[in-house]
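Colleague: Supplied in structure tokens, the structure appears directly below.
Below, the structure written as structure tokens:
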């Protein structure tokens, strides 16, 4: 059949047949496609406005139970991950029913929802909300949760670091141990002003022995009476130290507890003896713990291979038996 004949047959086909084979036309116009799509930040701002409206219309004091339930259903309809951060920021002070619905909503929204739960478990200032968020994070932790923990342990804020350490401990994130070693203590400033804030030393320390002596006499004259009142002076013998440089170290107890708990569980022995000594922790991590984990992983892979081979042999025997 020539190309022209084929074209003629196509032209004679019924409109119904052609409509069934052709894909549906795009719903977006060319003008729509030319418009720039909103970024995640822009969508987050839009959701912030929308969530504030839901709070005002449904969760303000005086609204009926039915009105509140309608607002909760509207929250459940929000599945854009860009809305989760505004939800956390705007709903954290609402009643418990609203906050629990928010956490359950995160639980039902996959990896993005898991990241939102991790964010709540680390950054919320409410202990109860952090606890409820932690309970809803799936084990083992997914990549988005690990990313939140990793970034939070590198924060400059002590509360964020402590909460992230507690979350890593609760989720058995043993991969966080090197970061916890680093985060359990940190320099707290100082050491940059050799002459002190007022032009002198940062501090003065005096050690010595004081001795009293009569420094002067003041004459006292009365009716027919003359005397002297002594003025007592003090001499200090000893040493005076001027502190020109100061180094302050902050010890984060919560991070240390999480580090000891995680490392002891995974290693099978207590690591409490390492204390806060960072050098000892690094030596233990590099020379003992990491080789131990590598050997354990190899043993598990070998055991899995042996079990797989045994299963294949068992199935082969079953198929050959009469």
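Numbering (the working numbering), first residue to last: 1105 to 1426.
Ideal placement from N, C-alpha and C gives every residue a C-beta, glycine not left out.
Since the model is a prediction, treat every value here as computed from it, not as a measurement.
1. What's the gap between the Cα of residue 1222 and the Cα of residue 1371?
2. Identify, in the order they occur along the chain, each residue of the same chain with its Cβ nearer than 7 Å to the Cβ of residue 1362, setting aside the five sequence neighbours on each side.
3. Are the CB atoms of residue 1375 and residue 1368 nearer to each other than 8 Å?
4. If residue 1228 sits next to residue 1237, beta carbons under 8 Å apart, how far is it from one beta carbon to the other, in whole angstroms?
5. Assuming residue 1218 and residue 1242 make a contact with CB atoms under 8 Å, what is their CB distance in whole Å?
6. For residue 1267, does the count of other Cβ atoms within 10 angstroms reach 16, so buried, or fall short, so exposed?
7. Check this for me: beta carbons of residue 1197 and residue 1210, under 8 Å apart or not?
8. Tell me which same chain residues have a C-beta within less than 8 Å of the C-beta of residue 1291, skipping the five on either side of it?
9. Can you tell me where the beta strand (DSSP E) with residue 1320 in it begins and where it stops?
10. Classify residue 1332: buried if its beta carbon has 16 or more other beta carbons within 10 angstroms, exposed otherwise.
11. Can the beta-carbon of residue 1316 be found less than 8 Å from the beta-carbon of residue 1335?
12. Taking the straight line between their C-alpha atoms, what separation do you get for residue 1407 and residue 1264?
13. Hey, residue 1172 and residue 1162: beta-carbon distance below 8 Å or not?
14. For a test of the three-state rule: what should DSSP assign to residue 1241, helix, strand or coil?
15. So, helix, strand or coil for residue 1421, using DSSP?
16. Straight-line CA distance for residue 1423 to residue 1404?
17. Could you spell out the range, first to last residue, of the beta strand (DSSP E) harbouring residue 1353?
18. Can you give, in chain order, each stretch of the alpha helix (DSSP H) that sits fully within the stretch 1223-1296 and has at least 4 residues?
19. Would you kindly work out how many angstroms separate the C-alpha atoms of residue 1158 and residue 1235, rounded to a whole number?
20. Counting along the chain, where does the alpha helix (DSSP H) carrying residue 1205 start and finish?
21. Count the other C-beta atoms from every protein chain shown that fall within 10 angstroms of the C-beta of residue 1185, then say buried if there are 16 or more, exposed otherwise.
22. Measure the C-alpha to C-alpha separation of residue 1288 and residue 1364 and round it to an integer number of angstroms.
23. Measuring CB to CB, does residue 1194 end up less than 8 Å from residue 1152?
24. Per DSSP, what are the beta-bridge partners of residue 1332 in this structure?
Modeller: Considering the structure as presented:
1. 26 Å
2. 1269, 1270, 1272, 1273 and 1284
3. yes
4. Correct: roughly 7 Å between the Cβ atoms.
5. With a Cβ gap of about 6 Å, residue 1218 and residue 1242 count as contacting.
6. buried
7. no
8. The residues 1351, 1352, 1353 and 1354, in chain order, have a CB closer than 8 Å to that of residue 1291 in the same chain once the five nearest residues on each side in sequence are set aside.
9. 1307-1326
10. exposed
11. no
12. 40 Å
13. Contact: yes.
14. coil
15. helix
16. Taking the straight line joining both Cα atoms gives about 29 Å.
17. Counted as a single uninterrupted DSSP element, the beta strand (DSSP E) harbouring residue 1353 occupies residues 1353-1355.
18. 1231-1239, 1247-1257, 1262-1274 and 1281-1287
19. 26 Å
20. 1200-1211
21. buried
22. Looking at the two C-alpha atoms, the distance is approximately 10 Å.
23. The answer is yes: Cβ separation under 8 Å.
24. 1323
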